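A.B. asks:
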Amino acid sequence: MTLQVQFVTMGMMLLGGLSLGGLFDLYRVLAGQLRAPRYAYYLLDIFFWCIGTLLIFKLLYMSNLGQVRMFIFIGLLVGVGIYFLLFSRTVIRVIMWMIRLVQATIRLGIRLFRVFIIIPSIWLYRATVVFLGFLLAIAIFLYKVMLQLLYPMWKLLLWLVRPLGKWFRMPTWVNQAGRSIASFFRRFF
Numbered sequence: 167m168t169l170q171v172q173f174v175t176m177g178m179m180l181l182g183g184l185s186l187g188g189l190f191d192l193y194r195v196l197a198g199q200l201r202a203p204r205y206a207y208y209l210l211d212i213f214f215w216c217i218g219t220l221l222i223f224k225l226l227y228m229s230n231l232g233q234v235r236m237f238i239f240i241g242l243l244v245g246v247g248i249y250f251l252l253f254s255r256t257v258i259r260v261i262m263w264m265i266r267l268v269q270a271t272i273r274l275g276i277r278l279f280r281v282f283i284i285i286p287s288i289w290l291y292r293a294t295v296v297f298l299g300f301l302l303a304i305a306i307f308l309y310k311v312m313l314q315l316l317y318p319m320w321k322l323l324l325w326l327v328r329p330l331g332k333w334f335r336m337p338t339w340v341n342q343a344g345r346s347i348a349s350f351f352r353r354f355f
């Protein structure tokens, strides 16, 4: 391994240490914000270390085709140390700000959905119920008015048809059916 490759590898490992520190702060802040069962944190730990390992090996492969030497671990430790000394607080603040921004955006989206979709739907439903109730009241009123107006005609028709009843005898089952239908309608009107 040439000296240039060693310097490139050391620089990549410093960057890898910085990125591992940032990834760890991201994981730490997000895990603190999540309300998950205890076993989920174990899975998140495994996921974090898998991502970190893949990141470091990708950097290592890009810089020196995956050769592992002692200075690689020193570069990682120095990169992580520099990150925690210089950048950790700032990165945590930025992550917390982004989390608050996402939460505010979600709250705004929910509020807009409620104001523009839910509340108008409720008002439309209520207006429809009131309108249909009004139409039903008008229909019932008109029905009763029509019954009152047609009642004299019905009496006249019965008076005219009554003599025909003496000549044409209805079968008993038709009379019973007519009485049951009439009693059914008398219950409601």
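Position one of the sequence shown corresponds to residue 167 (our numbering), numbered consecutively onward.
For every residue, glycine included, the Cβ atom is placed at its ideal position computed from N, Cα and C.
What you are looking at is a predicted structure, and each value in this text was computed from that prediction instead of being measured.
Where do the N-terminal and C-terminal ends of the alpha helix (DSSP H) with residue 343 fall, by residue?
C.D. replies: For the purposes of this step, residue 343 is taken as residue 177 along the sequence shown, with counting starting at 1. Counting along the chain, the alpha helix (DSSP H) containing residue 343 begins and ends at 338 to 354.
A.B. asks: When we look at the beta-carbon of residue 179 and count the other beta-carbons within 10 Å, is it buried (16 or more) or exposed?
C.D. replies: Position 13 of the sequence shown, counting from 1, holds the residue named residue 179. Answer is buried; the Cβ neighbour count reaches 16.
A.B. asks: For residue 184 versus residue 240, is the C-beta distance shorter than 9 Å?
C.D. replies: On the sequence shown, position 18 is the one that residue 184 refers to. On the sequence shown, position 74 is the one that residue 240 refers to. Contact: no.
A.B. asks: Only counting the same chain, and skipping five residues up and downstream in sequence, which positions put a Cβ closer than 7 Å to that of residue 258?
C.D. replies: As a working mapping, residue 258 is identified with position 92 in the sequence shown. Cβ within range, chain order: 191 and 195.
A.B. asks: State the Cα-Cα distance for the pair residue 264 and residue 277, rounded to the nearest angstrom.
C.D. replies: Working through the sequence shown from its first residue, we reach residue 264 at position 98. Working through the sequence shown from its first residue, we reach residue 277 at position 111. When rounded, the distance between both Cα atoms is 20 Å.
A.B. asks: To test your reading of the DSSP string, which unbroken alpha helix (DSSP H) runs of 4 or more residues are found completely within the stretch 229 to 261?
C.D. replies: For the stretch 229 to 261, whole alpha helix (DSSP H) runs of length 4 or above, ordered along the chain, are 236 to 248.
A.B. asks: Contact defined as beta carbons within less than 8 Å: I believe residue 186 pairs with residue 232. What is the distance between those atoms, to the nearest angstrom?
C.D. replies: For this step, residue 186 is matched to residue 20 along the sequence shown. For this step, residue 232 is matched to residue 66 along the sequence shown. Between residue 232 and residue 186 the Cβ distance is about 18 Å, and since that is not below 8 Å, they are no contact.
A.B. asks: Can you say whether residue 268 is buried or exposed, counting buried as having 16 or more other CB atoms within 10 angstroms of its CB?
C.D. replies: Position 102 of the sequence shown, counted from the start, is the residue given in the question as residue 268. The residue is exposed, with fewer than 16 neighbouring Cβ atoms inside 10 Å.
A.B. asks: Can at least three beta-carbon pairs, one atom from the stretch 272 to 287 and one from the stretch 205 to 214, be found at a separation below 8 Å?
C.D. replies: With a cut-off of 8 Å, the stretch 205 to 214 and the stretch 272 to 287 do not count as touching, because too few Cβ pairs lie within range.
A.B. asks: Quick one, which of 174, 242, 199 and 198 has its alpha-carbon nearest residue 182's?
C.D. replies: Working through the sequence shown from its first residue, we reach residue 182 at position 16. Among 174, 242, 199 and 198, the Cα nearest to that of residue 182 is on 242.
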